[in-house]
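Visitor: Protein chains in written order, with the working numbering: chain A, 9 to 131; chain B, 2 to 171.
Beta carbons are placed, not taken as given, at the ideal position from N, Cα and C, and that holds for glycine.
Shown below is the structure under consideration.
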Amino acid sequence: MEESSSMQPASMPVTGVDKPFGPVAAVFLAAGVGALVLGILTTLAEASEGVKSWLEWSTAVGPLSGKTIIAVIAFVVAWVVLGIALRGRNPKPSIVFTWTAVLVAVGLVLTFPTFFQALAPEE
Amino acid sequence: MHLTYREWWAVVHGMGLGALFLLAFAGGLAGLYSLRPGLLSERGVVERTRRLQIGTWVMAIAAWATVITGTWVVYPWYRSTAADSPKSLLLANPSTADWHEFGMEWKEHIAWIAPLLATAVAFTVTYYGTSLIKNQGVRRALMAFFTASFLIAGVAGALGAFITKAAPVH
Chain A
9 MEESSSMQPA
19 SMPVTGVDKP
29 FGPVAAVFLA
39 AGVGALVLGI
49 LTTLAEASEG
59 VKSWLEWSTA
69 VGPLSGKTII
79 AVIAFVVAWV
89 VLGIALRGRN
99 PKPSIVFTWT
109 AVLVAVGLVL
119 TFPTFFQALA
129 PEE
Chain B
2 MHLTYREWWA
12 VVHGMGLGAL
22 FLLAFAGGLA
32 GLYSLRPGLL
42 SERGVVERTR
52 RLQIGTWVMA
62 IAAWATVITG
72 TWVVYPWYRS
82 TAADSPKSLL
92 LANPSTADWH
102 EFGMEWKEHI
112 AWIAPLLATA
122 VAFTVTYYGT
132 SLIKNQGVRR
142 ALMAFFTASF
152 LIAGVAGALG
162 AFITKAAPVH
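Printed below as a string of structure tokens:
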């Protein structure tokens, strides 16, 4: 069992090279962007029949097909673009994680039915 | 005891992948929590990191597989326009309509946020490798986002279970 106070503590692990935080910032911000895009599309689809129809990329799945495919593409593209932009850089982790949390929180609000159904046109 | 083809897929989506997700989360969270200087020997860090990398990627892959099978395999049967589809049955009765209007409408969207966060955590664990133990602030943030991913998936999973109870896919 490796977990023990009597054992030699990890002075520094094997690969003790300090790595830049940029690539981590890129993937977390990209996740936030993906969540935000999903939220925006969900709300737009509810507010506009035109957008809802356009997002119906699969008849069987309905508008959810377009929403999720675009959100995943946004995640991947943001990851690549931010990965290139932030390569070798060291943005402050607390700022990156805070922005990620904000983006995800806004995405969650925009995908909450009580919120987006309030924007639906009167029938 | 018999399950139809569609019921098998519902089981794979909700119970098979869901159970894998839960197991991977428990292992991953325990691994992240204990990745602290003073708790592990150097050899322990190497071993724990390898297990953490596997656990977080298993959770991320399980999350992607869950939302993909849910959206592209099970959901079309749920939302079919047939009179006996789960969606039609739920909406036909005012006392069950909210399971679709609120439950499914929320579940089908937020579930997709879970794999995004799980992937970010798995990538970070792999990127830092054994040096993650030197980045305690990042480790704590990973625990928070890992847990957020799990809770989001938990909401979707719980709603899915209730909806399936009210109107299962046959």
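Is it buried or exposed, K166 (chain B), if we count other Cβ atoms within 10 angstroms and call 16 or more buried?
Guide: Classification of K166 (chain B): exposed, given that the 10 Å Cβ count is below 16.
Visitor: Are the C-beta of P129 (chain A) and some C-beta of chain B separated by less than 8 Å?
Guide: False, the Cβ-Cβ gap to chain B never drops below 8 Å.
Visitor: In the structure shown, what three-state DSSP assignment does L116 (chain A) receive?
Guide: Residue state, collapsed to three classes: helix.
Visitor: Helix, strand or coil: how does DSSP classify S66 (chain A) here?
Guide: Of the three classes helix, strand and coil, the one that applies to S66 (chain A) here is strand, per DSSP.
Visitor: Less than 8 Å between CB atoms is the rule here; does V139 (chain B) satisfy it with respect to chain A?
Guide: At least one chain A Cβ lies under 8 Å of V139 (chain B).
Visitor: For P99 (chain A), which three-state DSSP category applies?
Guide: Coil at P99 (chain A), not helix or strand.
Visitor: Does DSSP put P169 (chain B) in a helix, in a strand, or in coil?
Guide: Residue state, collapsed to three classes: coil.
Visitor: The segment 99-126 of chain A: which residues have C-beta closer than 7 Å to a C-beta of chain B, in chain order?
Guide: Those residues of the segment 99-126 of chain A that come within reach of chain B (Cβ to Cβ, closer than 7 Å) are P101, F105, V112, G115, L116, T119, F120, P121.
Visitor: Show which residues of chain A have a CB atom less than 9 Å away from the CB atom of T125 (chain B).
Guide: What T125 (chain B) touches in chain A: P31, V32, V35, F36.
Visitor: State yes or no: is the beta carbon of T51 (chain A) nearer than 8 Å to at least one beta carbon in chain C?
Guide: Of the chains in the structure shown, none is chain C; the protein chains are A and B.
Visitor: Using a beta-carbon distance below 8 Å, is S89 (chain B) in contact with chain A?
Guide: Closer than 8 Å: no.
Visitor: Let me know if V110 (chain A) comes out buried or exposed under the rule of 16 or more other beta-carbons within 10 Å of its beta-carbon.
Guide: By the 10 Å Cβ count, V110 (chain A) comes out exposed.
Visitor: State the start and end residues of the unbroken alpha helix (DSSP H) segment that holds H110 (chain B).
Guide: From DSSP, the alpha helix (DSSP H) with H110 (chain B) extends over 106-111.
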